[in-house]
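Participant:
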Amino acid sequence: MRLELKGLTKRFGSFTADDDIDLVVEPGQIHAILGENGAGKSTLMNMLYGILQPTSGEILIDGEPVSFSGPGDAIAAGIGMVHQHFKLVGPFSVADNVQLGREHTRGAGVLSARAARQAVLDVSEQYGLRLDPDAICEDLPVGVQQRVEIVKALSGPETQLLILDEPTAVLTPAEIAELLQIMRNLAEAGTSILFISHKLKEVQAVADRVTVIRRGKVVAQLEPTASESEMASAMVGRAVSLRVDKTPAEPGEPRLEVKDLTVVSDAGVKVLDGLELTVRSGEIVGLAGVEGNGQTELARAILGLVKPDSGSIAVDGRDVHGRGPAKRIADGLGYIPEDRGRDGLVSEFSVAENLVLNQYRDEPFAKGGVVDAGAVRRRAVDSIAEFDIRTQSPEESASALSGGNQQKVIIAREFSRPRRFLVAAQPTRGVDVGASQFIHSRLVAERDTGTGILLISSELDEIYALADRIAVIYNGRIVGEVDPDTPREVIGRLMVGGSADAGPGPATDPDHPANDEHANGGDR
Amino acid sequence: MAVDTAPAPALVDDRAPARHVKAGAAYAVLGLLLVLAAVAWLGGRTTTIAFDRTLTDASWEAPTFGVVLGLGVLCAAAGAWMLVGLPQRRFKPASAVAVTAFALALLFWAYSQEGTVFRAESILAGALFLSMPYIFGALSGVVCERSGVINIGIEAQFLMGAFTGVLTANITGNIYAGMAAAMVAGSLSTMLLALLATKYQVNQVVVGVILNLLALGFTSFMYDQLKKADGFNDAFSVPVISWGPLADIPVLGPVLFQQKLFVYVGLLLVFVIWFLLYRTRWGLRTRAVGEHPAAADSMGVNVNRLRYWNVTAAGLIAGFGGAWFTLGNSLAFNKNMTAGLGFVALAVMIVGRWNPLGVLAGALIFGFTTQIARDLSAAGSGVPGEFLQMLPYAVTLVVVAGLIGKAKAPAADGVPYNPGDK
Ligand SMILES: Nc1ncnc2c1ncn2[C@@H]1O[C@H](COP(=O)(O)OP(=O)(O)O)[C@@H](O)[C@H]1O
Ligand SMILES: [Mg+2]
Chain R
-14 MRLELKGLTK RFGSFTADDD IDLVVEPGQI HAILGENGAG KSTLMNMLYG
36 ILQPTSGEIL IDGEPVSFSG PGDAIAAGIG MVHQHFKLVG PFSVADNVQL
86 GREHTRGAGV LSARAARQAV LDVSEQYGLR LDPDAICEDL PVGVQQRVEI
136 VKALSGPETQ LLILDEPTAV LTPAEIAELL QIMRNLAEAG TSILFISHKL
186 KEVQAVADRV TVIRRGKVVA QLEPTASESE MASAMVGRAV SLRVDKTPAE
236 PGEPRLEVKD LTVVSDAGVK VLDGLELTVR SGEIVGLAGV EGNGQTELAR
286 AILGLVKPDS GSIAVDGRDV HGRGPAKRIA DGLGYIPEDR GRDGLVSEFS
336 VAENLVLNQY RDEPFAKGGV VDAGAVRRRA VDSIAEFDIR TQSPEESASA
386 LSGGNQQKVI IAREFSRPRR FLVAAQPTRG VDVGASQFIH SRLVAERDTG
436 TGILLISSEL DEIYALADRI AVIYNGRIVG EVDPDTPREV IGRLMVGGSA
486 DAGPGPATDP DHPANDEHAN GGDR
Chain V
9 MAVDTAPAPA LVDDRAPARH VKAGAAYAVL GLLLVLAAVA WLGGRTTTIA
59 FDRTLTDASW EAPTFGVVLG LGVLCAAAGA WMLVGLPQRR FKPASAVAVT
109 AFALALLFWA YSQEGTVFRA ESILAGALFL SMPYIFGALS GVVCERSGVI
159 NIGIEAQFLM GAFTGVLTAN ITGNIYAGMA AAMVAGSLST MLLALLATKY
209 QVNQVVVGVI LNLLALGFTS FMYDQLKKAD GFNDAFSVPV ISWGPLADIP
259 VLGPVLFQQK LFVYVGLLLV FVIWFLLYRT RWGLRTRAVG EHPAAADSMG
309 VNVNRLRYWN VTAAGLIAGF GGAWFTLGNS LAFNKNMTAG LGFVALAVMI
359 VGRWNPLGVL AGALIFGFTT QIARDLSAAG SGVPGEFLQM LPYAVTLVVV
409 AGLIGKAKAP AADGVPYNPG DK
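If you're matching them up, the sequences are chains R and V in order.
For the first sequence, position 72 (counting from the first letter as 1) is numbered 57 according to our numbering, and the numbering increases by one without interruption.
Position in the second sequence counted from 1, then plus 8, gives you our numbering.
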């Protein structure tokens, strides 16, 4: 399919999210779209898929102008989309999610479960996407859920254009490699692909053509051979350095001491199993590991959202046992949660309110138990400027921001009050390069003021860029503590349960470690 | 799962989950109380069970002391087994045994008073008939809430159906025309909810409350007006359908083969709606729209249109349930005659976990306990009437806590949908 966009524009009220976008995707081409958070990429894709109606402009398929009144029309025209926010019905099986909207029936509207299963198996076999059609989606790890989304997008009648909106944000490196290979296979078979990602290495690896969007306008067309810094500066509109400058750490007294911590999930699984970890003042400890090995529970236990079954946690030399999250925060604990939608923001609240969620009770934001709206607003105006939060106003609701800008709201909130120790879980997940750079340099600056930082990240690149010491977590235990100059292969082996110096790890599939599925499932 | 399966993680076996401990302790204590009560008060008493409709001269006398003692021991044993750590998958069966034993023991106890007879056939047949309003109301709720629209206006649909049904039957002289009119009246009431909930995205709970008040005011006003003339609000009775020789089977005959049309429609609807929800395209889309409307939308399902028609159709069911109050019971309409049963139907929907089969079970429990309470107060048992009226709710609490556990509503229940939302 040859797709052409002519002067596509989308306005929300007076705000222009996409402005006069021209774009051509040739058949079998992988066309990457780069842009900062909030540049208008998802809005553009949603217009293509019929979810949003363009304010003006034209969409042409194979030279014919089309207009979609809903996703049904786009699907019928051969377009499939994997959304940035998963669109899976949690309690449904994989097969039911895939057949929704184009059900396999035995006539008279009665479903044929067998045909639906078979259809999933056919597509998964054709593209090498392993899936169990009977699995319940909400029990699956995010990587597998992503695979379900892709199978869904490919199961339309004759999908000829596939839109992938940040499909790799939540995937492990092995899953990403797999996805990129699937994309290549699809393109070879003639499917056109629109691919959105903040990870420039992926774009270089897979794209045939790169279009850069900034603040709703097309600002550059690049070849995939362009360097990472060329791409990054085109996105941001100025030169960006991709390296974090930092001096060697000067660790002081312990700020976090975790001793023999064990947490048992509701399902009866030991998600943390005698974990030991110390973080000192003035250092960043990177916690590397495949997601689902206990990172989530560790972060939540430190904040006090999960009750340990045994063991102790001390923050800043004081045992936090029996102190709730509010007290721990008041004591100087900072927390950047991994799931910002669930734990980081109240999405119906305004940006300004979200910026003071952990301080609204204190001076100057509250006087005598009454919130001072003026003070809250002043703080918001300052933070929006300092952290470059792209929002139409401080009063806008947090849900209207793009993912990266939501993350900046959380970062701004945590960094605008004094603290002794910070847990930063996936601080740059789904955040564009410019903003990631900014967040990284703020984390280092924070360290230099003497704060101890525990950085939890599934991105080894991020760990290497920031950590002064790397701890590897596997199956709820720290299986190794190494220096940041340790080669990737060694850490990779530790991450799947192998030893630092021996050969390959145990006989588990590296991208699906033993604990993965169950730890995730048990947490819900 | 065939794919992506890794060795199952070790379960921590050295401690029973908190729920086992609490439930186990509760059952053990209740069982012991039964044993104590039996020893203290029940010596020498007998409980009489009669098959009052088919085998009118046969009755069976059971020694109350022995039966209650045995059931008490059974209940306590199930509780003790939970305390010492029974396997996870045996929790529900053990819980069911304990709850059933406890309820049966109470029943034997209640009917051991001088002069009370457990008339098994009448009581069971009456229980099934009394469970009907809960079935119709809760099924209507299931269809609405599975589509993501909260309908707390069941009471309104009951009242509209009860009133319109009897009025239409009076005017046309045809009871079936009355039933049809009751359905239409219920549906008009939910159509308003559907319109406000989808097109105008008004808060659904507020709309429901207002519908209830409107229906109460409207039917009460009309009742006063029609009272002035004759022939508008006379009682009509529905014939009892008797299935020939089947009706003479002991127990089953009176319960299943000698009932009014309402009972057969209700039972049929339970299975039809279950089938529609879980086995058809309409059901898949309806559940998707109630669970994750954005996902359904992205697959080309028109969320608000489906919600609109589902809620409108659900009104037909609740309206028919309304006709049960008047036509089904051979009564004239009276002000507020539904007496809050629409809200109880909502509770039944939740107890039944938004599943038609669960609704059937919940409605039967309510119907049975209501029937027992009526029967006992008519027979003049020693228990005060207020306690008997509490019985259905108390039993529901025990059943919900012991057997059902946490109920999870459809994720998008009550959340208006705007295309383009993330
Ligand atoms: N429904 C909406 N109403 C108002 N503003 C919106 C809406 N959807 C997106 N926006 C705004 O449009 C801009 C572009 O968003 P989006 O396309 O999601 O960015 P991204 O490039 O990160 O995908 C953002 O500033 C966002 O706040
Ligand atoms: Mg986006």
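Here a beta-carbon is modelled for each residue, glycine too, at the ideal position from N, C-alpha and C.
Quick caveat: nothing in here was measured; it's all calculated off a predicted structure.
Could you tell me the distance, in whole angstroms, from the CA atom of V/Leu222 to the CA atom of V/Gly393?
Facilitator: Counting from one through the second sequence, the residue named residue 222 of chain V turns up at place 214. Counting from one through the second sequence, the residue named residue 393 of chain V turns up at place 385. When rounded, the distance between both Cα atoms is 32 Å.
Participant: Taking the alpha carbon of V/Val192 as the point to measure from, which residue in V/Leu167, V/Leu204, V/Phe126 and V/Thr206 has its own alpha carbon closest?
Facilitator: By one-based count along the second sequence, residue 192 of chain V stands at place 184. Answer by Cα proximity: V/Leu167.
Participant: Identify each residue in the segment 78 to 89 of chain R for which the Cβ-Cβ distance to at least one residue of chain V is less than 8 Å, and report them in chain order.
Facilitator: Residues Asp81, Asn82, Gln84, Leu85, Gly86, Arg87 and Glu88.
Participant: Any heavy atom of ligand 3 closer than 7 Å to the Cβ of R/Gln69?
Facilitator: Ligand 3 is not among the ligands present in this structure, which contains only ligand 1 and ligand 2.
Participant: Check the DSSP bridge columns for R/Arg362 and list the partner residues they point to.
Facilitator: By 1-based counting over the first sequence, the position of residue 362 of chain R is 377. For R/Arg362, which the question treats as bridged, DSSP gives no partner whatsoever.
Participant: For V/Tyr35 versus V/Ala84, is the C-beta spacing smaller than 8 Å?
Facilitator: By one-based count along the second sequence, residue 35 of chain V stands at place 27. By one-based count along the second sequence, residue 84 of chain V stands at place 76. Yes, the Cβ-Cβ distance between V/Tyr35 and V/Ala84 is below 8 Å.
Participant: Is it buried or exposed for R/Asp501, if we count other Cβ within 10 angstroms and need 16 for buried?
Facilitator: Numbered from its first residue, the first sequence carries residue 501 of chain R at position 516. At R/Asp501, the pLDDT of 38 sits below 50, so the modelled position is not reliable and the matter cannot be decided from this model.
Participant: Since R/Tyr320 is in the beta strand (DSSP E), which residue starts that stretch and which ends it?
Facilitator: Position 335 of the first sequence, counted from the first residue, corresponds to residue 320 of chain R. Leu318 to Ile321 is the span of the beta strand (DSSP E), which, as asked, contains R/Tyr320.
Participant: Apart from the five residues just before and just after V/Val125, which ones in its own chain have a Cβ nearer than 6 Å to its Cβ?
Facilitator: Translated into the one-based positions of the second sequence, residue 125 of chain V becomes position 117. Result list for V/Val125: Thr56 and Ala58, in chain order.
Participant: Name the DSSP beta bridge partners of V/Trp68, please?
Facilitator: Along the second sequence, read from residue 1 onward, the residue named residue 68 of chain V stands at position 60. V/Ile57, per the DSSP bridge assignment.
Participant: Can you tell me the Cβ-Cβ gap for V/Pro141 and V/Phe333, rounded? I've got them flagged as a contact below 8 Å.
Facilitator: Walking along the second sequence from the start, residue 141 of chain V turns up at place 133. Walking along the second sequence from the start, residue 333 of chain V turns up at place 325. Sure, about 7 Å apart at Cβ, within 8 Å.
Participant: When you compare the CB of R/Asp508 with every CB in chain V, is at least one pair closer than 8 Å?
Facilitator: Numbered from 1 along the first sequence, position 523 holds the residue referred to as residue 508 of chain R. The pLDDT assigned to R/Asp508 is 36, lower than 50, so where the model puts this residue is not dependable; a value taken from the coordinates is nonetheless given after this. No - not a single Cβ of chain V is within 8 Å of the one on R/Asp508.
Participant: Relative to the C-alpha of R/Ala284, which residue among R/Arg303, R/Phe180, R/Ser266 and R/Arg313 is closest?
Facilitator: Position 299 of the first sequence, counted from the start, is the residue given in the question as residue 284 of chain R. Nearest option by C-alpha distance: R/Arg313.
Participant: Is there contact between the segment 91 to 104 of chain V and the segment 341 to 353 of chain V, where contact requires at least three CB pairs shorter than 8 Å?
Facilitator: The segment 91 to 104 of chain V, when compared against the segment 341 to 353 of chain V, does not touch it at the 8 Å Cβ threshold.
Participant: Is there a Cβ from chain C that is less than 8 Å from the Cβ of V/Thr404?
Facilitator: Protein chains R and V are contained in the structure displayed, whereas chain C is not.
Participant: Cβ-heavy atom distance between R/Asn22 and ligand 1 below 7 Å?
Facilitator: Within the first sequence, residue 22 of chain R is the residue found at index 37, counting from 1. Yes, since a heavy atom of ligand 1 falls inside the 7 Å radius drawn around the Cβ of R/Asn22.
Participant: What residues in its chain sit with their C-beta under 8 Å from that of R/Lys186, if we drop five residues either side in the sequence?
Facilitator: Within the first sequence, numbered from 1, the residue matching residue 186 of chain R stands at position 201. Answer for R/Lys186: Glu213, listed in chain order.
Participant: Which partner residues of R/Gly65 appear in the DSSP bridge assignment?
Facilitator: In the first sequence, counting from the first residue as 1, residue 65 of chain R sits at position 80. R/Leu147, per the DSSP bridge assignment.
Participant: Do R/Leu440 and R/Ile269 have their beta-carbon atoms positioned less than 8 Å apart in this structure?
Facilitator: As a first step, residue 269 of chain R must be located in the first sequence, where it is residue number 284. As a first step, residue 440 of chain R must be located in the first sequence, where it is residue number 455. Against a cut-off of 8 Å, the Cβ pair of R/Leu440 and R/Ile269 comes out as a contact.
Participant: Can you list, in chain order, the stretches of the alpha helix (DSSP H) that have 4 or more residues and sit fully within the segment 141 to 229 of chain R?
Facilitator: Those alpha helix (DSSP H) runs which fall completely within the segment 141 to 229 of chain R and span 4+ residues are 158 to 173, 185 to 191 and 213 to 221.
Participant: For V/Leu50, does the three-state DSSP call read helix, strand or coil?
Facilitator: Taking the first residue of the second sequence as position 1, residue 50 of chain V is located at position 42. Residue state, collapsed to three classes: coil.
Participant: Is DSSP giving R/Gly488 helix, strand or coil here?
Facilitator: The residue labelled residue 488 of chain R in the question sits at position 503 within the first sequence. Confidence is the limiting factor: at R/Gly488 the pLDDT is only 47, short of 50, which leaves the residue's position unreliable and the question unanswerable from this model.
Participant: Would you say V/Leu335 and V/Gly173 are within 8 Å of each other, going by their C-beta atoms?
Facilitator: Walking along the second sequence from the start, residue 335 of chain V turns up at place 327. Walking along the second sequence from the start, residue 173 of chain V turns up at place 165. It is a contact, given that the beta carbons lie within the stated cut-off.
Participant: Excluding sequence positions up to five away, which residues of its chain have a Cβ less than 6 Å from the Cβ of V/Ala202?
Facilitator: Mapped onto the second sequence, residue 202 of chain V falls at position 194. Closer than 6 Å at the Cβ level, and outside the excluded window around V/Ala202, lie Tyr316, Val319 and Thr320.
Participant: Looking at the unbroken alpha helix (DSSP H) that takes in V/Leu276, where does it start and where does it end?
Facilitator: On the second sequence, position 268 is the one that residue 276 of chain V refers to. Residues Leu269 to Arg287.
Participant: Which residue wins for smallest C-alpha separation from V/Leu324, given the options V/Met357, V/Ile160, V/Ser197 and V/Val311?
Facilitator: Your numbering for residue 324 of chain V matches position 316 in the second sequence. Minimum Cα distance to V/Leu324 is reached at V/Ser197.
Participant: Which residues, taken in chain order from the segment 91 to 120 of chain R, show a beta carbon closer than 7 Å to some beta carbon of chain V?
Facilitator: So the close ones are Gly94, Val95, Leu96, Arg115, Leu116, Asp117 and Ala120.
Participant: Any heavy atom of ligand 1 closer than 7 Å to the beta-carbon of R/Thr153?
Facilitator: For the purposes of this step, residue 153 of chain R is taken as the residue at position 168 of the first sequence. Outside the cutoff, so no.
Participant: Taking R/Thr1 as part of the alpha helix (DSSP H), name the residues at either end of that continuous run.
Facilitator: Here the question's residue 1 of chain R lines up with position 16 in the first sequence. First-last for R/Thr1: Phe0 to Val10, but that is the beta strand (DSSP E), not the alpha helix (DSSP H).
Participant: Residues of the segment 300 to 313 of chain V with a CB closer than 8 Å to any CB of chain R: list them in chain order, please.
Facilitator: Under the 8 Å Cβ criterion, the segment 300 to 313 of chain V contributes His300, Ala302, Ala303, Ala304, Asp305, Ser306, Met307, Gly308, Val309 and Asn310.
Participant: Under 8 Å between the Cβ atoms of V/Val81 and V/Trp117?
Facilitator: Within the second sequence, numbered from 1, the residue matching residue 81 of chain V stands at position 73. Within the second sequence, numbered from 1, the residue matching residue 117 of chain V stands at position 109. Not a contact, by the Cβ cut-off of 8 Å.
Participant: To the nearest angstrom, report how far apart V/Gly51 and V/Ala109 are at their CA atoms.
Facilitator: Numbered from 1 along the second sequence, position 43 holds the residue referred to as residue 51 of chain V. Numbered from 1 along the second sequence, position 101 holds the residue referred to as residue 109 of chain V. Whole-angstrom Cα-Cα distance: 19 Å.
Participant: Please say whether R/Asp58 and R/Gly35 have beta carbons closer to each other than 8 Å?
Facilitator: Residue numbering aside, residue 35 of chain R sits at position 50 when the first sequence is read from its first letter. Residue numbering aside, residue 58 of chain R sits at position 73 when the first sequence is read from its first letter. It is a contact, given that the beta carbons lie within the stated cut-off.
Participant: Is it buried or exposed, V/Trp282, if we count other Cβ atoms within 10 angstroms and call 16 or more buried?
Facilitator: Counting from 1 along the second sequence, the entry for residue 282 of chain V is found at position 274. Looking at its Cβ environment, which holds 16 or more other Cβ atoms inside 10 Å, V/Trp282 is buried.
Participant: In the structure shown, what three-state DSSP assignment does R/Glu235 receive?
Facilitator: The sequence position of residue 235 of chain R within the first sequence is 250, counting from 1. DSSP places R/Glu235 in coil when its eight states are reduced to three.
Participant: Return the CA-CA distance between R/Val249 and R/Leu147, expressed in angstroms with no decimal places.
Facilitator: Residue 249 of chain R sits at position 264 when you count from the first residue of the first sequence. Residue 147 of chain R sits at position 162 when you count from the first residue of the first sequence. Spanning the two alpha carbons is a distance of roughly 41 Å.
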